[in-house]
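Heads up, the sequence shown stops at 494 in my numbering, and the numbers go up one at a time, no gaps.
Ideal Cβ positions, reconstructed from N, Cα and C, are used throughout, including at glycine.
Written out below as structure tokens is the structure these notes cover.
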Amino acid sequence: MSDEKQPQSSHSEAPLQGANDGSALLDSEELKRSVTADVKVEEEETTSSGARTPNGRTRKQLIASNLQFGALCVSMIVLGWNDGSTGPLIPRMRKVYNVGYLVVSLIFVVACVGFILGALANVWLTDRLGFGKVIVLGAHSPVIWAGCQTLSSRTGAALQLITYSVQSAAPPFAAFVVVNLFNGFGGALQDSQANGFVGSLSHYQETKMGILHAAYGVGAFAAPLVATQFAQMERWSFHYLTSLGLAVINTIILAVVFRFKEHGECLAAGGEDVHVSTASQEKGKFGQIMKNRSVHLLAFFILFYVGVEVTIGGWIVTFIIEDRHGGPSSGYVSSGFFGGLTLGRVVLLPINKWVGERNVFFIYAALAFGLDFVIWFVPSLVGNAVTVSIIGMLLGPMYPIAMNQASRILPPWLLTGAIGWIGGFGQAGSALIPFITGAISEKHGIKSLHPLLVAMMGAMIVLFALTPNHPPPELARPSTLESEGTDVKEKVTA
């Protein structure tokens, strides 16, 4: 990927400003020694790795950056796979366990609790353990349960490993549900760290955010294709062995690529700008995040967005089977939705840049809002399936757009923690909204799916409209810290 910088990525300016004001966390001598060391490291890398790319990154840094981004994409594929697996398996679960909509929806409730706990713990864990350890911890969520007698606490990515290990054995329904707590907790950590890391990049941040979430869509698209086949087999729960294998691969990749390093170390290894916080900025970071109005607006927006996304992917199969009289292959409708989601996050990138992300969001939202009425009132199996895919394509860019918005309007020293909270809290929507859908469907039937979706989409539009489009004046910064080709020594002496 090219090395061009994007305008909004200026997070490294704050350290210099903070130092000039006398409030920097490091005093002037410490800052000087730190930067001098950085310069020496970069000079050594230039000697060993060859000429720099046009705006200053070495080939070694470029390779490291691409490997890091690739590892995060793998993590998001696994998260997408997890969310895309449930829908095609719900009808089989109801039959095997002889439970109704409300009871089977407890799967989403327990996962919701895990997501919220993970989002709350993320800032605290990151400050104490660091980015590299926390993201691996999150990836371990599904395995630990099965291996809790032999695995140490550092094998955190096993939280997902735990869940899949238990679920693959088709245990009693109570156990099947409870282990989703680990899955939700681990998913929140991975989602938080991946979004926070990409949100703080200084090279192609917007494009990479779109691709990151397209990777989620790839996993969510592929999962129903596999889950639909397993749903028709006697050993339907063996689908989770596939999930377990993916979780193991994810854990290994994250551990090897990031090597349990701190966030700043990983950014520096990839030649990205690293923000140095002042003492006052670091104090009470969690409290600052919780007091920021924009953070909560975006967090609730993501909660509704992810809720709509997973509700469609999770319940549309049941709607097609029971209300449109579809057959066992109806699970592929869920794949069509997530396929559209993935496609939209990549194909629509040029339109997003041309129209402007904020403006194009409202266009996509209005179209998706209207198309849901088509599914609601037009009783056509094929027509509904096609419309679901189009809605997926329109919804696709919205999550990356929201994350890019956060990168523009939030203080740089809070960015990683804030995006982590937004992503982690919002991910609870993948559990909460589908549960509400199941509870309402238990009483009023699956037809109630679409009134709920319309209401949720309306809430999304309102919340995004309330979100500021620009940072407060005191946080306004020039679009870039430096022009192309300026080296580190020139930045400091300036």
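Review point. Alpha carbon to alpha carbon, how far is Asn359 from Pro350?
Key: 14 Å
**Study point:** Anticipated Cβ contact below 8 Å, Met460 with Phe304, distance rounded
**Key:** 5 Å
Exercise for review: Would you mind reading off the limits of the alpha helix (DSSP H) that contains Phe369?
Suggested key: 357–377
Practice item. Mind checking who His502 pairs with in its DSSP beta bridge? Key: Here the chain comprises residues numbered 1 to 494, so residue 502 is not present and cannot be evaluated.
**Study point:** Extent of the continuous alpha helix (DSSP H) run through Tyr101
**Key:** 101–104
Check your understanding: Whose C-beta lies closer than 7 Å to the C-beta of Asp323 among residues of the same chain, with five residues either side of it excluded?
Key -> Ile446, Lys447
Check your understanding: By how many angstroms is the C-alpha of Val103 removed from the C-alpha of Phe435?
Key -> 9 Å
**Study point:** Three-pair Cβ contact test at 8 Å for the segment 71–86 versus the segment 214–231
**Key:** yes
Practice item. Starting from Met209, follow the alpha helix (DSSP H) in both directions and report where the run begins and ends. Key: 205–231
Practice item. Between the Cα of Leu498 and those of Ser65, Val110, Gly210, Asn183, spot the shortest distance and give me the residue it belongs to. Key: The structure shown does not extend to residue 498, since the chain is modelled only from 1 to 494, so the question has no answer here.
**Study point:** Complete runs of the alpha helix (DSSP H) confined to the segment 386–447 [at least 4 residues]
**Key:** 398–409, 415–427, 429–444
Review point. Going along the chain, which residues of its own chain have a beta-carbon closer than 6 Å to the beta-carbon of Val382, five neighbours each way excluded?
Key: none
**Study point:** Any 3 or more C-beta pairs closer than 8 Å across the segment 299–314 and the segment 421–431
**Key:** yes
Check your understanding: Alpha carbon to alpha carbon, what distance is there between His213 and Ala536?
Key -> Examination of residue 536 is not possible in this model, given that the chain is present from 1 through 494 alone.
Exercise for review: Determine, using beta carbons only, whether Met393 and Phe361 come nearer to each other than 8 Å.
Suggested key: no
Practice item. Could you tell me which of Ser294, Phe115, Phe185, Thr126 sits nearest to Ala407, measuring between CA atoms? Key: A quick correction: the sequence has Ser, not Ala, at residue 407. Measuring from the Cα of Ser407, the nearest candidate turns out to be Ser294.
Point to revise | Span of the alpha helix (DSSP H), counted from its first residue to its last, around Arg259 | key: Taken as a continuous stretch (DSSP letters only), Arg259 belongs to no alpha helix (DSSP H), as it is neither H nor E.
**Study point:** Spatial distance of Glu265 from Tyr97 (CA atoms)
**Key:** 48 Å
Review point. How would you call Val462, buried or exposed, if buried means at least 16 neighbouring beta carbons within 10 angstroms?
Key: exposed
Check your understanding: When the Cα atoms are used, what is the spatial distance from Val256 to Leu117?
Key -> 27 Å
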